[in-house]
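See structure below.
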Amino acid sequence: MRKTTVSLSLILSLLLTTACGNSNDSKSPAASSATGSNASETKEVNIRFAFWGTPDEKLVQEKIKAAFEQEHPNIKVTLDHVSSANDFPASVLTQIAGGNAPDVFYIGEALVSSFVKKNVLLDMLPLAKENNIDFNDYFPALLDPMGYNDGHMWAFPKDATPYMIYYNKELFDKANVPYPAVDWTWDDFDKAAKALTSEGDSKSKQYGFAQDLWWGPLMTSIYKNGGKLLSDDGKSMMLDDPKISEALDWYKSLMYKDGGVSPTPDGLQGTGMSTVDMFLAGKAAMVSGGRWVSYSLEPLAGKWGVVPFPQKTESSSPLLFVTLAMPKNTEHPKEAFEFIKFYVSQTAQEINSSTGLGMPVLKSVTNSGKWLLEGEPQEHVQVFFDQLSNAKSLPFHPLWSKTIDEIFMREIDPALRNLISVEDALGKAKTEIDKVLNQ
Numbered sequence: 026m027r028k029t030t031v032s033l034s035l036i037l038s039l040l041l042t043t044a045c046g047n048s049n050d051s052k053s054p055a056a057s058s059a060t061g062s063n064a065s066e067t068k069e070v071n072i073r074f075a076f077w078g079t080p081d082e083k084l085v086q087e088k089i090k091a092a093f094e095q096e097h098p099n100i101k102v103t104l105d106h107v108s109s110a111n112d113f114p115a116s117v118l119t120q121i122a123g124g125n126a127p128d129v130f131y132i133g134e135a136l137v138s139s140f141v142k143k144n145v146l147l148d149m150l151p152l153a154k155e156n157n158i159d160f161n162d163y164f165p166a167l168l169d170p171m172g173y174n175d176g177h178m179w180a181f182p183k184d185a186t187p188y189m190i191y192y193n194k195e196l197f198d199k200a201n202v203p204y205p206a207v208d209w210t211w212d213d214f215d216k217a218a219k220a221l222t223s224e225g226d227s228k229s230k231q232y233g234f235a236q237d238l239w240w241g242p243l244m245t246s247i248y249k250n251g252g253k254l255l256s257d258d259g260k261s262m263m264l265d266d267p268k269i270s271e272a273l274d275w276y277k278s279l280m281y282k283d284g285g286v287s288p289t290p291d292g293l294q295g296t297g298m299s300t301v302d303m304f305l306a307g308k309a310a311m312v313s314g315g316r317w318v319s320y321s322l323e324p325l326a327g328k329w330g331v332v333p334f335p336q337k338t339e340s341s342s343p344l345l346f347v348t349l350a351m352p353k354n355t356e357h358p359k360e361a362f363e364f365i366k367f368y369v370s371q372t373a374q375e376i377n378s379s380t381g382l383g384m385p386v387l388k389s390v391t392n393s394g395k396w397l398l399e400g401e402p403q404e405h406v407q408v409f410f411d412q413l414s415n416a417k418s419l420p421f422h423p424l425w426s427k428t429i430d431e432i433f434m435r436e437i438d439p440a441l442r443n444l445i446s447v448e449d450a451l452g453k454a455k456t457e458i459d460k461v462l463n464q
């Protein structure tokens, strides 16, 4: 996270993983090796894989491509890389409409349902059954947004992360503050953050926490308070639920109550630093984010820890993830699925998660701990595994980008800047969002 307010597509681009390492066995409980019935023929087939990411993130795709082609010499993969996720979904839809779609492409988890509504994705469940994919090895919260519980599989999650709290052990030790427990509460968090905050202005003080302001931590706060976002019939956003306003009031209070334990949006901008930069510089004792935060923490090797986001009434968190999908008009469905199947195998999952930008989607690979960074304590395996296992799916709707990424964030922003109350902001957001949901 590098901005105070971040778009959904940019957040998803940060979830990509770079890679190092290899394995001689691509078999896993969730992905068996190729069979003669799917892409084991000798005729060479070329497929195109479209994705976004930084140059470093591109390296992981090159390694996965090389490992895949070594096992499948008759299938050649052309990598179609762009640096930014911002225009990626629209570009893919344009290519699909023009009959020149990539055979495999990224979709952020929140956009899968909108692609399904446009009727452009291939349902991969028949191919998955044909290839004996073991869905029991997937964390359950990853499957429901993909349509699995309704008898479909519109996309396969490639990596995932819960939203977590990272803490600087040296700053905790210096302040004689105990390290956070995995079941800590909002009150516990408030006390620790206050003890870790020094006096001074936004440029000179040490903050207990540096918070990001996008829907990820806001939805996590809501979930940790037992809030429910969308009505069962999908026609109303339940922003009048007191649990939601309570959660967002708490998150807002971190910036303004008693001088604040976290910089305000303007205060953060005044530092000229991102929240992770503040954490690395010792200007913030804690920072929030997904697994991707660990990718930047090499300068603090051995000096940081990670725990779940603090809770009020619930321990579960929503998951953030990126998926792999196929267009329904691909000319090479079996070969494209062979690539997706490999991507979610043990070999590729270990490559994909080895740099700290995302977690494996398979329980078996997550539990193995092979994704731990150098010097990262073994205890982090259980911390992440428990959060992934206990996660809940966000109610991704075909209009998620319009309602949450756009309307909700636009209306809640003045409240987070202390210009209006959270309750007023939610009221405005609910009125506008419900109109959109009922059009």
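To get the working numbering, take the position in the sequence shown, counting from 1, and add 25.
Cβ atoms here follow ideal geometry from the backbone N, Cα and C, with glycine treated the same way.
Let me make sure I understand the geometry here. Which of the options has the alpha-carbon closest to that of residue i?
{"i": "L451", "options": "H405, S278, M263", "result": "M263"}
{"i": "L238", "options": "E339, T222, Q294, S261", "result": "Q294"}
{"i": "K282", "options": "T245, K219, G314, P324", "result": "K219"}
{"i": "I89", "options": "I190, Q371, S109", "result": "Q371"}
{"i": "I72", "options": "E94, G78, L150, D81", "result": "E94"}
{"i": "A115", "options": "A310, R442, V102, Y131", "result": "Y131"}
{"i": "P127", "options": "F74, D81, K83", "result": "F74"}
{"i": "P13", "options": "Y173, M189, I190", "result": "Nothing in the structure corresponds to residue 13, since the chain is present only between 26 and 464."}
{"i": "G284", "options": "L196, K230, A361", "result": "K230"}
{"i": "E224", "options": "P288, K194, M189", "result": "P288"}
{"i": "S414", "options": "D159, H177, A185, N99", "result": "A185"}
{"i": "W466", "options": "D112, Y191, M351, I247", "result": "Residue 466 falls outside the range modelled here, since the chain spans only 26 to 464, and no answer is possible."}
{"i": "H177", "options": "K194, K199, Y368, P151", "result": "P151"}
{"i": "P290", "options": "K427, P324, A235, E339", "result": "A235"}
{"i": "Y368", "options": "K353, L254, L349", "result": "L349"}
Where do the ends of the beta strand (DSSP E) carrying residue i lie?
{"i": "N193", "result": "189-193"}
{"i": "P333", "result": "329-333"}
{"i": "S313", "result": "311-314"}
{"i": "F76", "result": "70-77"}
{"i": "L104", "result": "100-107"}
{"i": "T348", "result": "344-350"}
Among the residues of its own chain, which have a CB less than 7 Å from the CB of residue i, if the five just before and after it don't count?
{"i": "V447", "result": "S270, L273, D274, K277, A440"}
{"i": "A217", "result": "V202, P205, G233"}
{"i": "L444", "result": "none"}
{"i": "T43", "result": "Any answer about T43 is weak, because its pLDDT of 36 lies below 50 and its placement is not dependable; what the coordinates show is given next. For T43, where only same-chain residues beyond five positions count, the Cβ hits under 7 Å are D81, E82, L84, V85, T380, L382."}
Could you spell out the range, first to last residue, of the alpha helix (DSSP H) harbouring residue i?
{"i": "D215", "result": "211-220"}
{"i": "Y276", "result": "267-281"}
{"i": "V406", "result": "404-414"}
{"i": "F367", "result": "358-368"}
{"i": "D449", "result": "447-462"}
{"i": "G133", "result": "That residue, G133, is in no alpha helix (DSSP H); its beta strand (DSSP E) goes 129-133."}
{"i": "D291", "result": "290-296"}
Mind reading off the beta-carbon distance from residue i to residue j? Whole number of angstroms is fine, and I expect it under 8 Å.
{"i": "P423", "j": "L147", "result": "Incorrect: roughly 18 Å between the Cβ atoms, too far for contact."}
{"i": "I365", "j": "V85", "result": "I365 to V85, Cβ: 15 Å. No contact."}
{"i": "T222", "j": "V286", "result": "5 Å"}
{"i": "F197", "j": "A310", "result": "7 Å"}
{"i": "E363", "j": "I158", "result": "Going by Cβ atoms, the distance from E363 to I158 rounds to 12 Å, so no, they are not a contact pair."}
Looking only at its chain, what residues have a beta carbon closer than 6 Å to the beta carbon of residue i, apart from the 5 residues adjacent to it on each side?
{"i": "A326", "result": "G400"}
{"i": "N463", "result": "K260"}
{"i": "F421", "result": "A135, S138, P170"}
{"i": "S62", "result": "With a pLDDT of 43 at S62, under the threshold of 50, the modelled position of that residue is not reliable, and the figure given next carries that caveat. Hits under 6 Å: none found."}
{"i": "D105", "result": "R73, A75, P127"}
Leaving out five residues before and five after residue i in sequence, what residues of the same chain have Cβ atoms less than 8 Å from its Cβ?
{"i": "E465", "result": "No answer is possible for residue 465: the residues shown for the chain start at 26 and end at 464."}
{"i": "L397", "result": "Q403, H405, V406"}
{"i": "N392", "result": "V406, F410"}
{"i": "V207", "result": "V332, P333, V408, D411"}
Quick check: is any heavy atom of the ligand SAH less than 8 Å from the C-beta of residue i?
{"i": "T338", "result": "By its list of ligands, the structure shown contains no ligand whatsoever, and the ligand SAH lies outside what it can speak to."}
For the region 378-386 against the region 208-215, are there 3 or more C-beta pairs whose distance is under 8 Å? no
Spell out a yes or no on whether the region 150-168 and the region 331-350 are touching, meaning 3 or more CB-CB pairs, one atom from each, closer than 8 Å. yes
Three or more C-beta pairs below 8 Å linking the region 311-326 and the region 127-141: no
Are at least three pairs of beta-carbons, each pair with one atom in the region 292-309 and one in the region 242-256, less than 8 Å apart? no
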